[in-house]
Amino acid sequence: MIDDPSQDIAINYPVESSLFVTAPPGYGKTYVMTKRVEYLISRECIIPPQKLLVLTFSNAAADEMKKRLVKNIPNVERYVDVMNFHTFAYKLLRCYGNYIGISRFFTIVDESKKREYKSNYYRTYIESSSSKWGREADFVSEYNTWYNKKFLQGTDYIDVENEMTFENLRSSMNEDLINKENLDFDHLLFKAIDLLQQNGYVKNLFLNKYPILLADEFQDTNYIQYKLFKEIGIDSNGTKKAVYVMGDKKQTIMRFQGANPDNIAFLIQDFNCNMHQLNKNHRADSEHILHITKKLRDPSFFVSEAKHEIYIHNTVKEEIKKIIEVIMKLLQNGVNLHNICILFPQKRTSNCIKKVFEENSIEYVDISDFKMDSITEEYSALIEGIRNQIEEKCAKKSVRRIIDELIDENYSGESKNTILLTTIRKFSSSFDRGHFSSMEVWKRLQEFYNCIQMEIDWVQLVKSNVRNKVYLSTIHGSKGLEFDYIFMIGIVNFKMPHSTLCFPCSNFRNPQQVDISESKDLFYVGVSRAIKEIIFFYSKQDEQNLAIRSRKISCVFKDIAECLKFIDIENNTYDFGNERINELLCFNNCR
């Protein structure tokens, strides 16, 4: 029985109309989407072999939805496919890529291969012929800026001369990848769009297979993902499907990867969407958490009492020791370490935390170690070994045997039994069974390699298996996760917002008003990870123990200043007064 009328309306919305649902964190987004799928199936809106298609931004969202659907719907795989945008593009090209000259047996390459290619290009064509670029890092950084603007955000890039150079690099890299039967993640999307635009037969095949289209986490989609969404949502005659989409513009924290929050407005216009908002938080187990998250969404929301502690310290080391003290008190009260997560805006902050934790025998796990880039770097010998076996078209007996041998060759002792390697071993066995068993071994290995690149959500896997360790994460890395207790550290000016915003804002001769909405959204996402309690920590010195006069508590706190209880550890004082707030918080020209 649904006890939330806003969820009830969203779940049972008329099938023939398009709807965009605003879903703040903790308001039951996955529950509503899952129940919507159940509703459509129960109403016989879909008759196999046709299916519902649910697209998500992340593997975590897709995996969670699949788990819930399997529990509630017999033979659910007959009625619905749930996958992220890249997996959809991958499967499309695996089946029909040959129509546009893409080998069906392509391998997905990660960012490390692209970095290697950019570096080689710079040394071959740029370093000796142009004095414009001082360093390789500057060239690559500017190329990435150009690429994000033009292809992920769909915006203009001003410098024509640079654009010609960068276009040559992009074309050269893409041609090289395709010649080697490789595709990167963006390539998957571009080529899937090319296929649907150039081949009416394939497009109609997919339009007929998926008559109903749903999507989640839409605020994180980029320009090219939205183009793909339109290709499968609008036929060649301009007829639009009724779409059902969820998202929250307030959670747009992936702009640095090209996410475009304007896609929500484009969607509403292009598909004539009606709008609906979920309005009840089902995650927060505390009125104080409810109040602070409401206040961050709506600064006019009235909060009667200051409840959230913000501890003030002189040094970062003192700050972390206070965190340990609070952790010990929680342990005494029966809280498990894995229910605690420490969040920070920049990864370098974790180095100080780790050092002090190790000195005090506090067990921890760093979520960023389980991002694909980190895995590729940490386990480069294994990854390179798999690639080599694919390129050599190996003919060994099984994928599992290949993986076991590569792990045994490259790792020893405890390093062979990490969570990640144990999972990879188990996962590899599934590619020797079922429909894979009829394939050549190297093709099975290629499928396995592509899947570990695309379909495994390593962070969720770690969270499901790791116990009795404190979690450390950047705020970006915590997206989609939740913990009973959240500690936030390093939320200071010049870090959040970034220094590129803080410098023009703090220029005392010519201060400029800057837009910090992205930083405020990031702060909101971090705060909304908490279920029971959130505590903030601030130090007057930075990680190098430099006393910085202008280092203040970030302006992102401005809207919730009345919710805070300032605790000065050195002076043992509790202060709620405006004078103290004005002294500690950065109130410049931000908006």
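First residue of the sequence shown: 1, per full-length UniProt numbering; consecutive thereafter.
Cβ coordinates follow ideal geometry from the N, Cα and C atoms, glycine included.
In whole angstroms, what is the alpha-carbon distance linking residue i and residue j?
i           : j           : result
residue 159 : residue 260 : 22 Å
residue 556 : residue 516 : 8 Å
residue 317 : residue 349 : 11 Å
residue 10  : residue 247 : 13 Å
residue 310 : residue 538 : 7 Å
residue 362 : residue 457 : 26 Å
residue 238 : residue 522 : 37 Å
residue 125 : residue 440 : 40 Å
residue 249 : residue 319 : 33 Å
residue 66  : residue 40  : 16 Å
residue 460 : residue 472 : 14 Å
residue 82  : residue 392 : 33 Å
residue 600 : residue 231 : Look at the range of the chain in this structure, 1 to 591, and you will see that residue 600 is not part of it.
residue 379 : residue 404 : 14 Å
residue 485 : residue 568 : 21 Å
residue 431 : residue 63  : 19 Å
residue 13  : residue 445 : 44 Å
residue 365 : residue 336 : 14 Å
residue 30  : residue 289 : 20 Å
residue 129 : residue 191 : 33 Å
residue 226 : residue 137 : 30 Å
residue 586 : residue 253 : 22 Å
residue 150 : residue 143 : 11 Å
residue 501 : residue 408 : 49 Å
residue 385 : residue 57  : 30 Å
Can residue i and residue j be called in contact, C-beta distance under 8 Å?
i           : j           : result
residue 554 : residue 474 : no
residue 281 : residue 293 : yes
residue 276 : residue 564 : no
residue 332 : residue 258 : no
residue 55  : residue 88  : yes
residue 334 : residue 61  : no
residue 462 : residue 419 : yes
residue 189 : residue 212 : no
residue 526 : residue 343 : yes
residue 442 : residue 394 : yes
residue 110 : residue 315 : no
residue 303 : residue 291 : yes
residue 531 : residue 482 : yes
residue 26  : residue 283 : yes
residue 203 : residue 236 : yes
residue 323 : residue 360 : no
residue 169 : residue 193 : no
residue 42  : residue 242 : no
Is residue i buried or exposed, if buried means 16 or more other CB atoms sit within 10 Å of its CB?
i           : result
residue 493 : buried
residue 156 : exposed
residue 221 : buried
residue 217 : buried
residue 1   : Any reading at residue 1 needs caution, since the residue's pLDDT is 49, under 50, leaving its predicted position unreliable; the model's value is listed next. Exposed, because fewer than 16 other Cβ atoms sit within 10 Å of the Cβ of residue 1.
residue 200 : exposed
residue 28  : buried
residue 116 : exposed
residue 71  : exposed
residue 497 : buried
residue 233 : buried
residue 583 : exposed
residue 388 : exposed
residue 607 : With the chain running from 1 to 591 in the structure shown, residue 607 is simply not present.
residue 101 : exposed
residue 59  : buried
residue 35  : buried
residue 84  : buried
residue 468 : exposed
Which residue or residues does DSSP assign as beta-bridge partners of residue i?
i           : result
residue 190 : The partner list for residue 190 (beta bridge, DSSP) is empty, contrary to what the question assumes.
residue 183 : 108
residue 275 : 20
residue 516 : Beta-bridge pairing links residue 516 to no other residue.
residue 84  : 56
residue 539 : 313
residue 158 : Answer is none; residue 158 lacks a bridge partner.
residue 533 : 485
residue 585 : 553
Inset, instruction - Within the segment 305-365, note down every full beta strand (DSSP E) run reaching 3 residues or more, in order along the chain. - result: For secondary structure counted as the beta strand (DSSP E) over 3 or more consecutive residues, the segment 305-365 holds these complete runs in sequence order: 308-313 and 340-344.
Legend entry - beta strand (DSSP E) runs wholly inside the segment 431-501, at least 3 long, in chain order: 470-474 and 483-489
Legend entry - Complete beta strand (DSSP E) runs within the segment 362-386 (minimum length 3 residues, chain order): If you keep only unbroken beta strand (DSSP E) runs of at least 3 residues inside the segment 362-386, you get 364-366.
Inset, instruction - Could you tell me which uninterrupted beta strand (DSSP E) segments, each at least 3 residues in length, are contained entirely in the segment 21-82, listed from first to last along the chain? - result: 52-56
Legend entry - Contained alpha helix (DSSP H) runs [length at least 4] in the segment 201-265, N- to C-terminal order: 223-233
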